[in-house]
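First to last, the sequence lines map onto chains A and B. Per my numbering, the very first residue in the first sequence carries number 1; after that it's consecutive. Per my numbering, the very first residue in the second sequence carries number 1001; after that it's consecutive. From the three backbone atoms N, C-alpha and C, an ideal C-beta is built for every residue, glycine too. Predicted model, so just to flag it, every value in this text is computed and none were measured. Contents: one structure, followed by commentary.
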Amino acid sequence: MERAPSSDLRARLGRIGTLVRKEWRQMIRDPASIAMGVVLPVILILLFGYGLSLDVKNVPIAVLNQDGSGLAGSLIGRLQLSPYFAPRGVTSLHQAEQLLLRGRVSAIFTVPPLFARQVRASGASVQLIVSGADANTARIIEGYVTGVIEAWSAQRAPGLLAPVQVQSRVWFNAANDSRYFLVPGLIVLVMTLIGAFLTAMVVAREWERGTFEALFVTPVRGTEILLGKTIPYFVLGMAGLVLCVLAGRFLFHVPLRGSVAVLFAGSVLYVLVALGIGLLISSAVKNQLVASQVTLLATFMPAFMLSGLLFDLRSMPAPIRVVTYLLPARYYVALLQTTFLAGDVWAVIVPNALALLAMLGVLAFALGAITRKRLA
Amino acid sequence: MNASAPVVLECREVHKSFGPRAPALAGVSLSVPAGSLSALVGPDGAGKTTLIRLVCGLLRPERGALRVLGLDPVHEAQRIQEQVSYMPQKFGLYEDLTVRENLDLYADLHGVSREERAARYPQLLHMTDLGRFEARLAGQLSGGMKQKLGLACTLVRPPQLLLLDEPTVGVDPLSRRELWQIVRRLVHEEGLTVLMSTAYLDEAEGADRVIVLQAGRVLAEAAPGEITRLAAGRTYKLTPGAGESARTLQARLLGVESVIDAVPDAGAVRCVGAHPQCAPESGAQPVAPRFEDGFMVMLRGHQPPEAHSDIVLRRAPPQASGALIEVRGLLRRFGAFTAVDRVSFSVARGEIFGLLGPNGAGKTTTFRMLCGLLAPSGGVLRIGAVDVATAGDAARGQLGYVAQKFSLYGPLSVRENLEFFASVYGLHGAARRERIDWAMGQFELTGARGAAADLPGGFKQRLAMAAALLHEPRILFLDEPTSGADPLARRAFWRRISALAAQGVTVVVTTHFMQEAEYCDHIVIMDAGRVLAQGTPAEVRARAPRHADFEPTMEDAFIAVIEQARAAEAAAGVA
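Here is the structure:
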């Protein structure tokens, strides 16, 4: 029987092709893979795009008008016009307090008696009581209300109140729309999900069901098994990226200020790192349940909490900040936020890409577990 | 087989251990000549899987040397893996791929050309009878078909050595028999070399050579006939007298000092004496020895018998008139799949009731419904006068349950486990102490130190049984208690069960060892969710075709029943 030696390059490529085909078939037939590789990213896109927002809009506030003058009416009218507030008239402070206590309103805005007269005389004050349960939102409400009053007084009673006008601008997120930085974050989560989580699950399944054991005792090389696993999930990850970028661009109108090439190059690096971590974890624990738990704790949760995607890294306590340097997601978030919101800023891109590259090198070295084809 | 055939596999003083536990292999030496069928026989934990994995180069030995096809599996694993074929215990199939895709995967990996496939596939599919199912997903095949597909995948090209790790475990007897026929034909017609592990002693008889492994050591390496001969002139058959059951006769014989082994067999008792030509009792008929008899003689030489004292209950369960368990038209569906299809039977007080069938037959599902752990989709289920569906808790208080897997708390000690279960059953103070002392004494648990997880298998099983009996239940449920246990532990188990039944405890037990049906008063044989046969063991055995030279076994009956059922199904399909 004439047979090409198993080390022949064509034989190698043939075996890799076989494994990729096998993986692909399994992927499309397994509802769990589809759920994790397609359904979950779509849910995340919709959740991030429509559900999750860090902006303050339509905040319910109780308005108590104890003055009754036209002047007070015009001030309250301002609040009603603002898109940030949903004012609700009350007749007593007691009623307002009850609403605040029950969480029906987030703030109480009181115009005191004799307001109009005081404005014309020496200057008046209004009272704002803000629920501090969410300190962040409280501060934003405070700022918005102050803004409304300043705008009103500048127009209505010029010269009476301090004529200082604060001009503030928010850079990068000029519209102060949190979607602008949530969409890059979304890409990180989807890539982590497909690269690390899904890969860890399918590899752990092979260990658990004994299929790796059968596969090992064939001419297939360890590196071929590794590539057979990497290629399909790499492609799936890239498909997820395209999906997210398109959704960001056309559904949520997030600008892409940098180049597509940089975006994709950075993503390739990150997906490979995530794949490496997934392969490493699943080969170490060889059990789907444990692999999913460990991957969740080691990749997905940190990508969510500690990558700078939701919380500013600079405001974290120093020991936690040190931990974030170990997280690949941190570098990818920096890359993405820069390419999306600022442009190709090489001073940010190069060091972050190098960090990912270094991690990839370490992982490639550590992945001997699979390439050695041993069970223990 | 040729004595001068080249040696395909050779092990010398191979050691392997995992962690601080007893070594998996403690100095194993053996050899496998080309063109032979060798059976690696031993109970769970004997080291069979470890040995096969070492041969494949999937593990490294600690000490000792292995040569496989003249190669060293430590340094030349890849070259060995290219030439041998290996079917791991779980068959190594991809359940999301079809039969054909699984075959193609392995053929691709082995570089089998299109022309070779065209010649080989029809052969393989014919041999395994899988031709009709080419497009079916492997996950939707029955256990027996999966096992045959796994075998076909190892044969996409003729391997230099075929390694099969417990291919017949949990598979129905018909499929087991078919697999052995296929393998034997491959060895004798195509000259294949096969090393196959099994926990079933009766299978060893079909091999050319037997390697008996126990606790990481080779007890014997010989032709099966040589081991059978150890019991030559010592095997007898005894028929129980009036008013005596085979089970009680067996228990009595095991108590006789000159008896090595006694098992119920086709209504009588098979007995192996300690000395040749020395019948244990008058009326004993000499019979031809079997492999298992020789095996027991050999084992007794290595392991002195456990001192037995039969379990004595503090008080017998209450009397009952009529059936204690009544099952009528029991049905359970999981989606479109019917796991238990209109099963009916009844069990009387103090009876041993056996539920037999291969994996996937619906035994465990039936069991879970009996215990009130799973709601039936239909049918009536009564324990005593209580309907389990409406008063599950009241029914549950009357029964003890020993699950298939060790379901006690591994990190707790023996006493802590018992204390916990006693509390769960509502026992406190002096009553609890009294029950625990009873259990520790009756089940010989006093010597155990440390965590339950680290106890030997037989010990764990005694502990699980003790825990299930703490609240003095009327009924004891045991799910596959003997699977993977060595023959000695299995006999000890049945002895305990017989003693409990004699004192009025009703026992319901599942097993896939067909011979164990002989210990039961009544049995139900299930396959694919349906009852194929039921009655006393003698009634079921009578369904097997009669033979002039030998008494048909329970296994023969089971196979006959399956074949009849399939023929009826095929006839119905044609009509």
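Open item on the list: Could you tell me the alpha carbon to alpha carbon distance between Tyr378 (chain A) and Val322 (chain A), rounded to whole angstroms?
Closed with: Nothing about residue 378 (chain A) can be reported from this structure: the residues present for chain A run from 1 to 376 only.
- [ ] With DSSP as the reference, please indicate the residues paired to Tyr1236 (chain B) in a beta bridge.
- [x] B:Cys1271 and B:Pro1286
- [ ] Determine the closest residue to Pro232 (chain A) out of A:Thr324, A:Lys22 and A:Asn58, with distance taken between C-alpha atoms.
- [x] A:Lys22
- [ ] Step through the CB atoms of chain A and report whether any lies within less than 9 Å of the CB of Arg1053 (chain B).
- [x] yes
Task: C-beta neighbour in chain A for Lys1405 (chain B), strict 9 Å - done: no
Open item on the list: Quick check on Glu1257 (chain B): does DSSP put it in helix, strand or coil?
Closed with: coil
TODO: Look at Ser1413 (chain B) and Gly1450 (chain B) and say whether their C-beta atoms are less than 9 Å apart.
DONE: yes
Open item on the list: Can you look up Lys1016 (chain B) in the DSSP assignment and give me helix, strand or coil?
Closed with: strand
- [ ] Under 8 Å between beta-carbons, which chain B residues line up against Arg448 (chain A)? List them in chain order, please.
- [x] Given that chain A is displayed from residue 1 to residue 376, the structure contains no residue 448 (chain A) and the question cannot be resolved.
- [ ] Check whether the Cβ atoms of Met1087 (chain B) and Leu1162 (chain B) sit closer than 9 Å, and answer yes or no.
- [x] yes
- [ ] Would you grab the beta carbon distance between Ala138 (chain A) and Val130 (chain A) for me? Rounded to a whole angstrom, and I think it's under 8 Å.
- [x] 5 Å
- [ ] Determine the direct distance from the alpha carbon of Val145 (chain A) to that of Tyr84 (chain A), and round the result to whole angstroms.
- [x] 9 Å
- [ ] Output, in sequence order along the chain, the residues in the segment 283 to 317 of chain A whose CB is closer than 9 Å to any CB in chain B.
- [x] none
Open item on the list: Quick check: does the Cβ of Gly1143 (chain B) come within less than 8 Å of any heavy atom belonging to the ligand GTP?
Closed with: With respect to small molecules bound, the structure shown includes none, and the ligand GTP cannot be examined in it.
TODO: Establish whether the CB of Ala200 (chain A) and some CB of chain B are separated by less than 9 Å.
DONE: no
Task: Whole-angstrom C-beta distance between Ser267 (chain A) and Met191 (chain A), which should lie under 8 Å - done: 7 Å
- [ ] Output the boundary residues of the beta strand (DSSP E) element that contains Gly1535 (chain B).
- [x] Arg1530 to Gly1535
Task: Contact with chain A by Leu1149 (chain B), beta-carbon distance below 9 Å - done: no
Open item on the list: Quick check: is the beta carbon of Pro255 (chain A) nearer than 9 Å to any beta carbon in chain B?
Closed with: no
Open item on the list: Whether or not the segment 1430 to 1445 of chain B and the segment 1475 to 1489 of chain B are in contact is what I'm after, with contact meaning three or more pairs of Cβ atoms, one per stretch, closer than 8 Å; do they touch?
Closed with: no
TODO: Round the Cβ separation of Ile1080 (chain B) and Leu1093 (chain B) to the nearest angstrom and send it over; I've been treating them as touching at under 8 Å.
DONE: About 22 Å separates the two Cβ atoms, so there is no contact after all.
Open item on the list: Can you pull the chain A neighbours of Lys1146 (chain B), defined as C-beta to C-beta under 9 Å?
Closed with: Chain A residues near Lys1146 (chain B): none, gap ~12 Å exceeds 9 Å.
Open item on the list: For a cutoff of 9 Å on Cβ pairs, would you count Val1084 (chain B) as touching chain A?
Closed with: yes
- [ ] Mind checking which residues open and close the alpha helix (DSSP H) that includes Arg1120 (chain B)?
- [x] Arg1114 to Thr1128
Task: Integer-rounded CB distance, given that Leu1238 (chain B) should sit under 8 Å from Arg1284 (chain B) - done: This sequence places Ala at residue 1284 (chain B); Arg is not what is there. Yes, Ala1284 (chain B) and Leu1238 (chain B) are in contact; Cβ-Cβ is about 5 Å, under 8 Å.
TODO: Give the C-beta separation of Glu213 (chain A) and Leu1058 (chain B) to the nearest angstrom, bearing in mind that I take them to be a contact with Cβ-Cβ under 8 Å.
DONE: 7 Å
- [ ] Pull up the distance between the alpha-carbon of Leu357 (chain A) and that of Tyr50 (chain A), whole angstroms please.
- [x] 34 Å
- [ ] Taking 9 Å as the cut-off, decide whether the C-beta atoms of Phe1295 (chain B) and Ala1204 (chain B) are in contact.
- [x] yes
Task: Cβ-based burial, Ala1118 (chain B) [other Cβ within 10 Å; buried from 16] - done: exposed
Task: Contacting positions in the segment 1054 to 1071 of chain B - beta carbon closer than 9 Å to chain A - done: Cys1056, Gly1057, Leu1058, Leu1059 and Arg1060
TODO: Tell me, please, whether the segment 1491 to 1503 of chain B touches the segment 1511 to 1521 of chain B by the rule of three or more beta-carbon pairs shorter than 8 Å.
DONE: yes
- [ ] Using 10 angstroms around the beta-carbon of Met301 (chain A), count the other beta-carbons present and answer buried if the total reaches 16, otherwise exposed.
- [x] exposed
Open item on the list: Which complete beta strand (DSSP E) runs does the segment 1040 to 1069 of chain B hold, if anything under 3 residues is left out?
Closed with: 1063 to 1068
TODO: Could you say if the segment 1013 to 1029 of chain B and the segment 1187 to 1205 of chain B meet the contact criterion of at least three C-beta pairs nearer than 8 Å?
DONE: no
Task: Local conformation of Glu1010 (chain B) per DSSP, three classes - done: strand
Task: Span separating the alpha-carbon of Gly308 (chain A) from that of Met201 (chain A) - done: 26 Å
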